[in-house]
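Taking it in order: structure first as structure tokens, then the write-up.
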Amino acid sequence: MNASGSAARPYTRSVRLHVEIELARLAGRLSRLAARGGGTTIPGKILAAIDPGAIAKLAARLPLGCALVSATNGKTTTSAMVAEILGRRVRLAHNRAGANLVSGVASTLIDAQQADLGLFEVDEGAFPEIARRTRPRAVCLANLFRDQLDRYGELELIAERWRVAVSGLDPAATAVVNADDPLIANLARGRQHVVRFGLDDATVARERLPHAADSKYCVDCGTPYAYESAYMGHLGAYRCPACGNARPKLDVSAREIALDGLEGSSFTLFAPEGSARVRLALPGLYNVYNALAAASLSLALGGGLDEVADGLGRFQAAFGRFERIRVGERTALLLLIKNPAGANEAVRTLLEGDRPAVALIALNDEVADGRDVSWIWDVDFEPLADCLERLVVTGSRAHELALRFKYGGLDPAQITVEPRLEPALDRALELVPPGGQLPVLPTYTAMLALRRVAADRGLVRPYWEAA
Amino acid sequence: MKIRVAHLYPDYLNIYADRGNMAVLSQRAAWRGIELEYRPVGVAEAIQVGEDDLVYVGGGQDREQALIAPDLAARAPELEAAVEGGAAVLAVCGGYQLLGHFYRDRSGAELPGAGVFDLHTVAGERRMIGDVLLECEIEPGERRTLAGFENHAGRTILGPVAEPLGRVVSGFGNDGESGFEGCRRGRAIGTYLHGPLLPRNPWLADWLLAQAVAHRSGDVPDLEPLPDELEAQAHTVAAGRAHTRGGRFG
Chain A
95 MNASGSAARP
105 YTRSVRLHVE
115 IELARLAGRL
125 SRLAARGGGT
135 TIPGKILAAI
145 DPGAIAKLAA
155 RLPLGCALVS
165 ATNGKTTTSA
175 MVAEILGRRV
185 RLAHNRAGAN
195 LVSGVASTLI
205 DAQQADLGLF
215 EVDEGAFPEI
225 ARRTRPRAVC
235 LANLFRDQLD
245 RYGELELIAE
255 RWRVAVSGLD
265 PAATAVVNAD
275 DPLIANLARG
285 RQHVVRFGLD
295 DATVARERLP
305 HAADSKYCVD
315 CGTPYAYESA
325 YMGHLGAYRC
335 PACGNARPKL
345 DVSAREIALD
355 GLEGSSFTLF
365 APEGSARVRL
375 ALPGLYNVYN
385 ALAAASLSLA
395 LGGGLDEVAD
405 GLGRFQAAFG
415 RFERIRVGER
425 TALLLLIKNP
435 AGANEAVRTL
445 LEGDRPAVAL
455 IALNDEVADG
465 RDVSWIWDVD
475 FEPLADCLER
485 LVVTGSRAHE
495 LALRFKYGGL
505 DPAQITVEPR
515 LEPALDRALE
525 LVPPGGQLPV
535 LPTYTAMLAL
545 RRVAADRGLV
555 RPYWEAA
Chain P
1445 MKIRVAHLYP
1455 DYLNIYADRG
1465 NMAVLSQRAA
1475 WRGIELEYRP
1485 VGVAEAIQVG
1495 EDDLVYVGGG
1505 QDREQALIAP
1515 DLAARAPELE
1525 AAVEGGAAVL
1535 AVCGGYQLLG
1545 HFYRDRSGAE
1555 LPGAGVFDLH
1565 TVAGERRMIG
1575 DVLLECEIEP
1585 GERRTLAGFE
1595 NHAGRTILGP
1605 VAEPLGRVVS
1615 GFGNDGESGF
1625 EGCRRGRAIG
1635 TYLHGPLLPR
1645 NPWLADWLLA
1655 QAVAHRSGDV
1665 PDLEPLPDEL
1675 EAQAHTVAAG
1685 RAHTRGGRFG
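Top line first, the protein sequences correspond to chains A and P.
Residues in the first sequence are numbered from 95 upward in steps of one, following our numbering.
Residues in the second sequence are numbered from 1445 upward in steps of one, following our numbering.
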């Protein structure tokens, strides 16, 4: 955007933008009235169509600038945590409903013109474009796992696009990166303002890398990394035995990590600002990573250490991510699954509580789920299969799931196949005794559809209203 | 009865859930009372010609494929001896490409292949991504279908002595224009189809098992049928996907 050009005709320009925004808003309301979902991307799509430069203009109006969060796993939860930490003090433009493409960011900017700070989770593929348009003052890049290869392509390709995008950021911008992920740690090499975060607690490490871990070969020379601690997928404390490329020194770390089954988790946050004990209502090591990423970004944005610990302590699950929904006398526990690394952590965390005897798993194959469903074979479902007495599989590719468990050792007689989501949910709930909990592991569109069922029954608020 | 399966580079080539194919082979063998001895084969470890009844090669990301390509190409003599000796082979996606003569990337650089199949692959502009349905006739008079998913930038061109695995009903196939998919040489099969391939196409799993048994014992066995209702339904759904949204260039 040309500053002198915009100064020359300020009135006509702002009027035009105003009219464009109102048109776009109206379309979003019409979409909601037509019951076509939350209408969370419609205004942005229209605005982008009538004025491709509008998103940059709206972002430039934010007094405190923009921060972007991207990752394969955890971006919705991480950005929701940052919103909880900073949102009491700072007015945010935050795409909390997860509309994380250019159109979703534009829609959020339209809806929050009184905001001071833009906080956006962004899709991995859209990160370069959104970074170019919004000129963020900070970016948080948390992890890259294999995910929806039909949509994103190979990891190296995304990492290379990210590297170019990071090198194009404003030199004053801060890159907050997960040092435990070799691909991510190396994106920030040579930048002036970098915050590197990671776990520092060997007691929560796994014995070995899981099946089909990614990025386990040195980014510089291709030799397999040696892991001092492997925490989640390929994330950990690594060192190349051949050339010495290693996890960089941590600026912000989580130590003394305590995982308390399904009830929650806690850790001590170490930062240049000091240290604080953080208690999370969310379970699992992956949520410790999310909290650490959120803490690092919040500190980089000027948050205080107490503010960070308090905000994380207040935080409740983002929609569909470890969300509990009461259904009569039973509770459905929703754990979104979308790729092997995330699903492995969901299964691992689930089994830390009382081992479930019944589960509902939902596999759809829309674009947002990934049309290629082969990833379910890379998930370590076997520990779950071992404790299940009954499994209900649903979604448009329910039969593939049934095969995954059949060849994973579950007797087909224990598997109920019901491709329709609502009858499958009721069927699975009936198998759980009153007072019990049903774990529900849906892919993205299946999760939204199941929440819609719950919303229609008055059990939850729609996702575009849920905090 | 016992058969031996050698899985090449499982640490590097495992991008499209290749372990699903392994699980299907080993379970369907076990359900027939056949013991399947599985052996991962890494860089600089040898295939045992005459002893390995089935050799499996999966697909990887470009970086992983480049890391193992020289080792795989150097195996050309042992792979040739194994195939000539009647061992069964299943190579999927990247593994399929690297069993051809060479793979040429967008910059013109060539990765050498093992030359088991008479074909070569050249990286194209657009990736070919989507559901695929093939019609095959591996045994004369037995027409069968294979349903899978493809995701490849490479265009694979069959040489004069290469026989395709099947004819594309829906989807792209080897190169998006010839109408052919995969390659078949005796008991060796190469294909772009993952999904993984074998769970929803159990007839091919059984064919490979029978070929592996034949390599061991000399006779192709009649494997007893298994209850495959779930497999048949998954095949029907996947075949339907290929019909409604299988890949084609706009």
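From the three backbone atoms N, C-alpha and C, an ideal C-beta is built for every residue, glycine too.
For the beta strand (DSSP E) containing residue 531 (chain A), name the first residue and the last one. Unbroken beta strand (DSSP E) run through residue 531 (chain A): 531-536.
Using a Cβ-Cβ cut-off of 8 Å, state whether residue 1460 (chain P) counts as contacting chain A. Contacts with chain A at 8 Å (Cβ-Cβ) include residue 1460 (chain P).
Distance, residue 240 (chain A) Cα to residue 248 (chain A) Cα: C-alpha separation (whole angstroms): 7 Å.
Nearest-angstrom Cα separation, counted from residue 138 (chain A) out to residue 1452 (chain P): 48 Å
Identity of the residues DSSP links to residue 271 (chain A) by a beta bridge: A:235 and A:290
Can the beta-carbon of residue 389 (chain A) be found closer than 8 Å to that of residue 374 (chain A)? no
Taking the DSSP output, what are the residues bridged to residue 1524 (chain P)? Answer by DSSP bridge pairing: none, since residue 1524 (chain P) is not bridged.
Bridge partners - residue 1451 (chain P), DSSP secondary structure assignment: P:1484 and P:1500
Looking at chain P, is there any beta carbon in it that lies within less than 8 Å of the beta carbon of residue 491 (chain A)? Contact of residue 491 (chain A) with chain P is assigned, a C-beta pair being separated by under 8 Å.
At a Cβ threshold of 8 Å, is residue 1691 (chain P) touching chain C? Note that chain C does not occur in the displayed structure, where the protein chains are A and P.
Going along chain A in order, which residues have a C-beta closer than 7 Å to the C-beta of residue 1643 (chain P)? 497 and 501
Whole-Å CB distance - residue 1499 (chain P) paired with residue 1468 (chain P), under 8 Å assumed: Contact flag wrong, Cβ pair sits at about 16 Å.
With a threshold of 8 Å between beta carbons, is residue 218 (chain A) in contact with chain P? no
So for residue 99 (chain A), helix, strand or coil by DSSP? Bear in mind that the predicted position of residue 99 (chain A) carries a pLDDT of just 41, short of 50, making it too unreliable to give a figure here.
Would you mind telling me which residues of chain P sit closer than 7 Å to residue 250 (chain A), beta carbon to beta carbon, in chain order? The answer, in chain order, is 1505, 1506 and 1507.
Using a Cβ-Cβ cutoff of 7 Å, what residues of the region 1662-1693 of chain P are near chain A? List them in chain order. 1674, 1675, 1677, 1678 and 1681
Since residue 1659 (chain P) is in the alpha helix (DSSP H), which residue starts that stretch and which ends it? Looking at the DSSP string, the run of the alpha helix (DSSP H) that includes residue 1659 (chain P) is 1646-1661.
According to DSSP, which residues form a beta bridge with residue 1579 (chain P)? P:1589 and P:1611
Among P:1572, P:1599, P:1494 and P:1595, which has the Cα closest to the Cα of residue 1450 (chain P)? P:1494
For residue 104 (chain A), which of helix, strand or coil comes out of DSSP? Because the pLDDT at residue 104 (chain A) is just 47, under 50, the model does not fix this residue reliably, and the value given afterwards should be weighed accordingly. Helix, per DSSP.
Can you name the residues of chain P whose CB is closer than 9 Å to the CB of residue 240 (chain A)? 1459 and 1505
Rounded separation between residue 214 (chain A) and residue 186 (chain A) - CA only: The straight-line gap from Cα to Cα measures roughly 10 Å.
Between which two residues does the alpha helix (DSSP H) containing residue 1540 (chain P) stretch? 1538-1542
Between which two residues does the alpha helix (DSSP H) harbouring residue 309 (chain A) extend? Looking at the DSSP string, residue 309 (chain A) is not in any alpha helix (DSSP H), and its letter there is neither H nor E.
Residue range of the alpha helix (DSSP H) that includes residue 1664 (chain P): Residue 1664 (chain P) -> no alpha helix (DSSP H), and no H or E assigned at all.
Would a check of beta-carbon distances place residue 494 (chain A) closer than 8 Å to chain P? It does; some Cβ of chain P falls within 8 Å.
Tell me which residues share the same chain as residue 95 (chain A) and place their Cβ nearer than 8 Å to its Cβ, disregarding the 5 neighbours each side in the sequence. Interpretation of residue 95 (chain A) is limited by its pLDDT of 37, a score under 50 that renders its predicted location unreliable; the figure taken from the coordinates is listed afterwards. So the qualifying residues of the chain are 147, 150, 151 and 154.
If you follow the beta strand (DSSP E) that residue 321 (chain A) is in, where does it begin and where does it stop? Run containing residue 321 (chain A): 320-326, per the beta strand (DSSP E) assignment.
Alpha carbon of residue 1616 (chain P) to alpha carbon of residue 178 (chain A), nearest angstrom: 48 Å
Confirm, please, whether the CB-CB distance from residue 554 (chain A) to residue 419 (chain A) is below 8 Å. yes
Counterpart residues of residue 340 (chain A) in DSSP-defined beta bridges: A:333
Between the Cα of residue 354 (chain A) and the Cα atoms of A:447, A:181 and A:424, which residue gives the shortest distance? If we check each option's Cα against that of residue 354 (chain A), A:447 comes out closest.
Does the beta-carbon distance from residue 161 (chain A) to residue 272 (chain A) come in below 8 Å? Going by C-beta atoms, residue 161 (chain A) is not nearer than 8 Å to residue 272 (chain A).
Supposed close pair residue 441 (chain A), residue 474 (chain A) - CB separation, criterion 8 Å: That pair is a contact at about 7 Å.
I'd like to know whether the C-beta atoms of residue 204 (chain A) and residue 303 (chain A) end up nearer to each other than 8 Å. no
Here's the rule: buried if 16 or more other CB atoms are within 10 angstroms of the residue's CB, otherwise exposed. What is residue 1462 (chain P)? buried
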